[in-house]
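*Asks:* First the structure, which I've put down as C-alpha cells, then a few questions once you've had a look.
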Amino acid sequence: MRTVYLTILVLLLSTAASMAQVAVIAHQSCPADTIEKRELLDFYTGDILKWSDGQLVVVFDLKPRGEVKKDFYKFLGKSASRMKSIWLKKMLAGEKDPPLSLKSETEILDKVATTPGALGFVSQALVTQEVKILAVIRADD
Amino acid sequence: MRLLPVIILVLAFTWGSPGPLAQSADSPIKVFGYFQTSFQQWTAYDDHPDNNTFNLQQMNLFLQKDLGSDWTAFINLEFLNNFSSGRRWGSFSLEEAWIRYRKDNRLQLKIGLLTPIFNNLNEIKNRTPLLPYIIRPLAYETSFNEFIDVDAFTPIQAFTQVYGFIPWNGLKFDYALYLGNSPNINNDPTRGQTGIDTTTTLLYGGRVGLRFNDIKLGFSGTYDNDNVGTRLAPVLSRPISELNELPRRRLGADLSVNIAPFQLEGEFIDVKLGDDPQILKQEVSFYYATLGYHLTEQFFAYGSYWYLDSQVDIASTTSSADEFEDISIPTMGIYYNLTDRVRFKAQHAWVAISNEFRDFGETATAKVSADFRVATVAISVWF
Numbered sequence: 047m048r049t050v051y052l053t054i055l056v057l058l059l060s061t062a063a064s065m066a067q068v069a070v071i072a073h074q075s076c077p078a079d080t081i082e083k084r085e086l087l088d089f090y091t092g093d094i095l096k097w098s099d100g101q102l103v104v105v106f107d108l109k110p111r112g113e114v115k116k117d118f119y120k121f122l123g124k125s126a127s128r129m130k131s132i133w134l135k136k137m138l139a140g141e142k143d144p145p146l147s148l149k150s151e152t153e154i155l156d157k158v159a160t161t162p163g164a165l166g167f168v169s170q171a172l173v174t175q176e177v178k179i180l181a182v183i184r185a186d187d
Numbered sequence: 068m069r070l071l072p073v074i075i076l077v078l079a080f081t082w083g084s085p086g087p088l089a090q091s092a093d094s095p096i097k098v099f100g101y102f103q104t105s106f107q108q109w110t111a112y113d114d115h116p117d118n119n120t121f122n123l124q125q126m127n128l129f130l131q132k133d134l135g136s137d138w139t140a141f142i143n144l145e146f147l148n149n150f151s152s153g154r155r156w157g158s159f160s161l162e163e164a165w166i167r168y169r170k171d172n173r174l175q176l177k178i179g180l181l182t183p184i185f186n187n188l189n190e191i192k193n194r195t196p197l198l199p200y201i202i203r204p205l206a207y208e209t210s211f212n213e214f215i216d217v218d219a220f221t222p223i224q225a226f227t228q229v230y231g232f233i234p235w236n237g238l239k240f241d242y243a244l245y246l247g248n249s250p251n252i253n254n255d256p257t258r259g260q261t262g263i264d265t266t267t268t269l270l271y272g273g274r275v276g277l278r279f280n281d282i283k284l285g286f287s288g289t290y291d292n293d294n295v296g297t298r299l300a301p302v303l304s305r306p307i308s309e310l311n312e313l314p315r316r317r318l319g320a321d322l323s324v325n326i327a328p329f330q331l332e333g334e335f336i337d338v339k340l341g342d343d344p345q346i347l348k349q350e351v352s353f354y355y356a357t358l359g360y361h362l363t364e365q366f367f368a369y370g371s372y373w374y375l376d377s378q379v380d381i382a383s384t385t386s387s388a389d390e391f392e393d394i395s396i397p398t399m400g401i402y403y404n405l406t407d408r409v410r411f412k413a414q415h416a417w418v419a420i421s422n423e424f425r426d427f428g429e430t431a432t433a434k435v436s437a438d439f440r441v442a443t444v445a446i447s448v449w450f
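As they're listed, the protein sequences go chains U and Z. Per this note's numbering, the first sequence starts with residue 47, numbered consecutively. Per this note's numbering, the second sequence starts with residue 68, numbered consecutively.
Have a look at this one:
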C-alpha cells in the first residue's frame with residue numbers, strides 16, 4: 047500500500063512539474079506592466095533595443111536546456127537553435143551582442159532584480175517581489 | 068543631387084541627441100571574428116588538371132566599441148586564401164570601418180566604409196559561420212574574385228547608409244538607402260591618390276522589404292556609372308567620350324522563409340551596363356534557390372541551384388563581337404554544429420560552363436564548354 051501512495055505522489059509531483067509556469071520578469075524600473083508576445087520576441091531577437099521610456103533593454107537567457115527554456119522559446123515560436131542563429135547574425139553584423147546566458151534561474155532572478163532595464167524568464171514559483179512579472183506563460187500557451 | 072551626401076552628413080552630426088563624445092566612452096573594445104578552413108577537390112576541366120588543396124578560405128577580425136548608448140564604431144578586417152603578403156598569396160582588405168547612430172529601430176545611420184544592404188545575402192555574404200555553404204552562391208563568392216568579377220553583381224562598398232524598419236500590425240517594413248563611390252577607383256599611384264573615385268558620379272542604392280514572422284522578402288536596386296569601357300576605346304577605334312561613364316543598374320529580389328524544419332532562400336540579380344549594343348552593352352543575371360531541412364537542431368542538409376547568365380555586345384566602328392556565357396551549378400551539402408562556435412560543413416557541386424564568342428570580323432563562333440565537380444569539407448569557427 048505504501049508503494050501505491052508513493053507512486054501516486056511521484057505522479058502528482060511530475061504532473062505539477064510538467065505544468066510549471068514560466069514567468070517573464072523585468073527590473074522594477076521597467077516602464078511596462080505587461081508584455082505581449084510580439085514585443086517579447088522583438089526584445090529577444092534584438093529588433094527593438096529600448097523600453098518605451100528610452101531605457102536600454104538588457105536581455106538574459108538561460109544556459110541549461112530544460113523545460114523552462116523550452117517552454118519560453120516555444121511560446122516565442124522559435125527553437126533555441128533558431129534564436130542562436132538570429133543572435134549570431136546580429137552580432138557578426140555589428141548590430142547587437144547576444145543576450146548574456148546565465149547558468150541558473152536563480153542567477154537570472156538576481157541579475158534581473160539588480161540590473162536596470164533587465165528582462166528575463168524563470169519558473170513562476172521562484173519569483174520574488176524584487177522583480178516585476180510582465181507575463182506568465184503556461185505550458186499549453 | 069550631389070549635395071545629398073553632404074546634407075546627410077550634416078544631419079547625422081547635428082541630430083538632437085548628444086554627440087558620441089558627450090556620452091560614456093569607457094566600454095571596452097570588443098575583439099571577435101571567425102575563420103573557415105577547407106579541403107577542396109576539383110576535377111579536371113579545360114587545361115586545369117585535377118587538384119586537391121587545403122585552404123584557409125577566409126578569416127575576418129572585428130573590432131567594435133560602443134561609444135555611448137546610441138553610437139557604435141565597427142571595423143572589419145578580411146584575409147582571404149591563406150593570405151601572405153611575402154608569398155603573394157591571397158588578399159587582405161579593410162572591408163568595413165563605420166560609425167553607427169541608432170535613433171531607434173525606425174532610423175539608423177551608418178557612416179564610413181560599409182557593406183550596403185542589397186538582397187538578403189550581400190551584407191552577410193562574408194559571415195561564413197552564418198552560411199551553410201562552403202562555396203557560396205557565385206555572385207557572393209569573394210574567394211573566387213581572382214577569376215569571376217564578383218564586384219559586378221552587388222555593390223561592394225558604400226559610405227553612407229540610412230536604414231531601419233517600421234513595424235505595423237505584426238509586419239515589419241524594412242528600408243535602406245545608401246550612397247557610395249562609383250566603380251571608377253584609381254589604383255595607379257602615378258595618376259594620383261589611389262583608392263579614390265576618379266569621377267563626379269556616385270553609387271546610389273537601396274532596398275525595400277517586408278518581414279512577417281519568419282518570412283522575409285525584398286527588392287533592391289543600385290545605379291552608378293562605370294568607366295571600364297574606356298580601356299577598349301583604342302581597340303574599338305572609338306573616342307573615349309562614347310565609352311566614358313556608362314550607366315549601370317542592378318536590380319535584385321530576395322525571399323527567405325523559415326518554417327521549421329524547412330528553410331527556403333532565393334535571390335535574383337540582374338545587372339545592365341551600357342545601353343547601346345552598337346557600342347558596349349553587358350547584361351548579367353544570376354539567381355540561386357536553396358531548400359534546406361533541419362534534421363535535428365544541430366544537423367542541417369540542403370540542396371541548391373545557381374545559375375549565371377552573361378551576354379556582352381561590343382562594337383568597333385567597322386565590326387562587332389558578342390560573348391555569351393552560362394554557368395550552371397547544382398549543389399548539395401550539410402552542416403553539423405559540433406559546438407555553439409564550431410560548425411563542420413560538407414558540400415558537393417557540379418559545375419557546367421558554356422561560353423560562345425564571336426570575334427570581330429570572324430564568321431565562325433568559338434564555343435567552349437567545361438564540366439567539373441568540386442567536393443569540399445570545411446570547419447567554420449567564430450571566436
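Each residue gets a CB set at the ideal place from its N, CA and C atoms; glycine is no exception.
(1) Under three-state DSSP, which class holds Gly-153(Z)?
(2) Could you round the C-beta distance between Asn-292(Z) and Pro-314(Z) to whole angstroms and report it? I think they count as a contact, below 8 Å.
(3) Starting from the Cα of Arg-425(Z), find the closest Cα among Lys-192(Z), Val-435(Z), Ala-300(Z) and give me that residue.
(4) Could you check what DSSP says for Leu-88(Z) in three-state terms: helix, strand or coil?
(5) Roughly how many angstroms lie between the CA atoms of Leu-277(Z) and Ala-382(Z), to the nearest whole one?
(6) Look up Glu-113(U) in the DSSP assignment and say whether it is helix, strand or coil.
(7) Just to confirm my understanding: we take Phe-167(U), look at its own chain, exclude 5 residues before and 5 after, and list those with CB closer than 6 Å. What are they?
(8) Find out if the Cβ-Cβ distance for the pair Asn-143(Z), Phe-129(Z) is shorter than 8 Å.
(9) Check each candidate in Pro-306(Z), Gly-237(Z), Leu-180(Z) and name the one with the smallest Cα separation from Arg-84(U).
(10) Count Cβ pairs between the segment 165-178 of chain Z and the segment 248-264 of chain Z that sit closer than 8 Å; are there 3 or more?
(11) Is there at least one Cβ from chain U nearer than 8 Å to Ser-287(Z)'s Cβ?
(12) Would Pro-183(Z) pass as an interface residue toward chain U - the criterion being a Cβ-Cβ separation below 8 Å?
(13) Would you say Leu-197(Z) reaches chain U, if we count a Cβ-Cβ gap shorter than 8 Å as a contact?
(14) Measuring CA to CA, which of Val-275(Z), Gln-103(Z), Tyr-245(Z) is closest to Met-126(Z)?
(15) Shortest alpha-carbon distance to Asp-133(Z) belongs to which of Gly-288(Z), Ser-94(Z), Ser-105(Z)?
(16) Could you please tell me which residues of the segment 381-411 of chain Z, in chain order, have their CB closer than 8 Å to any CB of chain U?
(17) Kindly provide the ranges of any beta strand (DSSP E) runs that are 3 or more residues long and lie completely inside the segment 303-336 of chain Z, ordered along the chain.
(18) Report all residues from its chain with a CB closer than 7 Å to the CB of Asp-143(U); omit the five preceding and five following residues, and keep chain order.
(19) Just reading off the beta strand (DSSP E) that Ala-159(U) is part of, what are its end residues?
(20) Does DSSP classify Asp-133(Z) as helix, strand or coil?
(21) Pick from Phe-240(Z), Leu-147(Z), Asp-218(Z), Phe-141(Z): whose alpha carbon is nearest that of Leu-174(Z)?
(22) Give a yes or no on whether the minimum CB-CB distance between Ile-179(U) and chain Z is below 8 Å.
(23) DSSP three-state label for Leu-17(Z), please.
(24) Which residues mark the beginning and the end of the alpha helix (DSSP H) in which Trp-235(Z) is found?
(25) Verify the CB distance criterion: does Thr-139(Z) have a CB-CB separation below 8 Å to chain U?
(26) Can you name the start and end residues of the beta strand (DSSP E) that Arg-184(U) belongs to?
(27) Taking a Cβ distance cut-off of 9 Å, strictly less, list which residues of the segment 131-142 of chain U are near chain Z, in chain order.
(28) Residue ranges of each alpha helix (DSSP H) run of no fewer than 4 residues wholly in the segment 345-411 of chain Z, ordered along the chain?
(29) For the segment 232-245 of chain Z, enumerate the residues whose C-beta is nearer than 7 Å to any C-beta of chain U, in chain order.
(30) For Leu-322(Z), collect the residues of the same chain with a Cβ closer than 6 Å to its Cβ; drop the 5 residues on either side in sequence, then sort them by chain order.
(31) What's the gap between the Cα of Glu-162(Z) and the Cα of Ala-225(Z)?
(32) What separation, rounded to the nearest whole angstrom, lies between the Cα atoms of Gln-175(U) and Lys-135(U)?
(33) Below 8 Å, can you find three or more Cβ-Cβ pairs linking the segment 437-444 of chain Z to the segment 403-416 of chain Z?
(34) Residues of chain Z with a CB under 9 Å from the CB of Leu-102(U): which are they?
(35) Can you list, in chain order, the residues of its chain with a C-beta nearer than 8 Å to that of Glu-190(Z)? Leave out the 5 residues immediately preceding and following it.
(36) Can you pull out the residues from the segment 307-329 of chain Z whose beta carbon lies closer than 8 Å to at least one beta carbon of chain U?
*Replies:* On the basis of the data shown:
(1) If you number the second sequence from 1, residue 153(Z) lands on position 86. Coil, per DSSP.
(2) Position 225 of the second sequence, counted from the start, is the residue given in the question as residue 292(Z). Position 247 of the second sequence, counted from the start, is the residue given in the question as residue 314(Z). About 6 Å separates the two Cβ atoms, so the contact holds.
(3) Numbered from its first residue, the second sequence carries residue 425(Z) at position 358. If we check each option's Cα against that of Arg-425(Z), Val-435(Z) comes out closest.
(4) The residue given as residue 88(Z) occupies position 21 in the second sequence. Low confidence applies here, because Leu-88(Z) scores a pLDDT of 45, under 50, leaving its location unreliable and the question unanswered by this model.
(5) Here residue 277(Z) refers to the residue found at position 210 when the second sequence is read from its first residue. Here residue 382(Z) refers to the residue found at position 315 when the second sequence is read from its first residue. One C-alpha to the other measures close to 42 Å.
(6) Translated into positions along the first sequence, residue 113(U) becomes position 67. Helix, per DSSP.
(7) In the first sequence, counting from the first residue as 1, residue 167(U) sits at position 121. Counting only Cβ-Cβ distances below 6 Å, and skipping sequence neighbours, we find Val-68, Val-70, Phe-118.
(8) Along the second sequence, one-based indexing puts residue 143(Z) at 76. Along the second sequence, one-based indexing puts residue 129(Z) at 62. Yes, they are a contact pair.
(9) Sequence index remark: in the first sequence, residue 84(U) carries index 38 (1-based). Measuring from the Cα of Arg-84(U), the nearest candidate turns out to be Gly-237(Z).
(10) No contact exists between the segment 165-178 of chain Z and the segment 248-264 of chain Z.
(11) As a first step, residue 287(Z) must be located in the second sequence, where it is residue number 220. It does not: the Cβ of Ser-287(Z) has no partner Cβ on chain U nearer than 8 Å.
(12) Within the second sequence, the letter at position 116 stands for residue 183(Z). So, not an interface residue.
(13) For this step, residue 197(Z) is matched to residue 130 along the second sequence. With 8 Å as the cut-off, Leu-197(Z) counts as an interface residue toward chain U.
(14) Sequence index remark: in the second sequence, residue 126(Z) carries index 59 (1-based). With distances taken between Cα atoms, Met-126(Z) lies closest to Gln-103(Z).
(15) Here residue 133(Z) refers to the residue found at position 66 of the second sequence. Of the candidates Gly-288(Z), Ser-94(Z), Ser-105(Z), the one whose C-alpha sits nearest the C-alpha of Asp-133(Z) is Ser-94(Z).
(16) Asn-404, Asp-407
(17) 313-326
(18) Translated into positions along the first sequence, residue 143(U) becomes position 97. Closer than 7 Å at Cβ, skipping near neighbours: Met-137.
(19) By 1-based counting over the first sequence, the position of residue 159(U) is 113. Per DSSP, Ala-159(U) lies in no beta strand (DSSP E) segment; the continuous alpha helix (DSSP H) that holds it begins and ends at 151-160.
(20) Position 66 of the second sequence holds residue 133(Z). In the three-state reduction of the DSSP assignment, Asp-133(Z) falls in the strand class, which pools E and B.
(21) By one-based count along the second sequence, residue 174(Z) stands at place 107. Per the Cα distances, Phe-240(Z).
(22) Stepping through the first sequence from its first residue, residue 179(U) is reached at position 133. False, the Cβ-Cβ gap to chain Z never drops below 8 Å.
(23) The shown model of chain Z, from 68 to 450, leaves out residue 17(Z), and the question about it has no answer.
(24) Within the second sequence, the letter at position 168 stands for residue 235(Z). No alpha helix (DSSP H) contains Trp-235(Z), which is instead part of the beta strand (DSSP E) from 225-235.
(25) Position 72 of the second sequence holds residue 139(Z). Yes, because at least one Cβ of chain U sits closer than 8 Å to the Cβ of Thr-139(Z).
(26) Taking the first residue of the first sequence as 1, we reach residue 184(U) at position 138. No beta strand (DSSP E) holds Arg-184(U); DSSP gives it neither H nor E.
(27) Ser-131, Leu-134, Lys-135, Met-137, Leu-138, Ala-139, Gly-140, Glu-141
(28) none
(29) Gly-237
(30) On the second sequence, position 255 is the one that residue 322(Z) refers to. Leu-284, Gly-333, listed in sequence order.
(31) What you label residue 162(Z) is simply residue 95 of the second sequence in a count that begins at 1. What you label residue 225(Z) is simply residue 158 of the second sequence in a count that begins at 1. Rounded to whole angstroms, Glu-162(Z) to Ala-225(Z) spans 11 Å at the Cα level.
(32) Indexing the first sequence from 1 puts residue 175(U) at position 129. Indexing the first sequence from 1 puts residue 135(U) at position 89. One C-alpha to the other measures close to 36 Å.
(33) yes
(34) Locating residue 102(U) in the first sequence gives position 56, counting from the first residue. Within chain Z, the residues near Leu-102(U) are Ser-136.
(35) Your numbering for residue 190(Z) matches position 123 in the second sequence. For Glu-190(Z), where only same-chain residues beyond five positions count, the Cβ hits under 8 Å are Thr-182, Pro-183, Ile-184.
(36) Asn-325, Ala-327
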